[in-house]
C-alpha cells in the first residue's frame, strides 16, 4: 500500500517524480511540484497520451495554440493526447501540488 500524500521532502528544489507502477504500455506516476513551472519557451511533446489529475494544490496548464491557461484544482483532470504540445505555467508556491499522471 502507498499514499500519494506521504513521503514528500520538505525542500523541493526540483519537481519530484515517483513511478508508482509501469508496464510496457502504461506508466502511473506521482509528480510533486511546489512553485515549479516548465522552463520558459519549453513545450512538452510526448509520444504517449498523458492523463493528469491534481490531487492537492493547484497548477496552470497551457496547451499550444489555445489562448487560455487551464487552472487545475484538487479533483480536476485533463487528458493530453500524444504530441499535443503543452507546458506547466505555474504551480502553487504555498503548498505542494500533487499530480497523478498516467502515461498510456
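Numbering (this note's numbering), first residue to last: 392 to 495. C-beta: ideal position from N, C-alpha, C; glycine also.
Three-state secondary structure (DSSP) of residue 431: The DSSP-derived three-state label of residue 431 is coil.
Excluding five sequence neighbours on each side, which residues of the same chain lie with their C-beta closer than 6 angstroms to the C-beta of residue 417? So the qualifying residues of the chain are 495.
Taking one C-beta from the stretch 440-450 and one from the stretch 483-491 each time, how about it: are there three or more such pairs within less than 8 angstroms? Yes, the stretch 440-450 touches the stretch 483-491.
Start and end of the beta strand (DSSP E) containing residue 468? Note, residue 468: beta strand (DSSP E), 468-471.
Since residue 392 sits in a beta bridge, which residues does DSSP pair it with? Residue 392 is not bridged to any residue.
Looking only at C-alpha atoms, which of 434, 465, 414 and 426 sits nearest to residue 493? Out of 434, 465, 414 and 426, 414 has the C-alpha closest to the C-alpha of residue 493.
Cβ-based burial, residue 488 [other Cβ within 10 Å; buried from 16]: Per the 10 Å Cβ criterion, buried.
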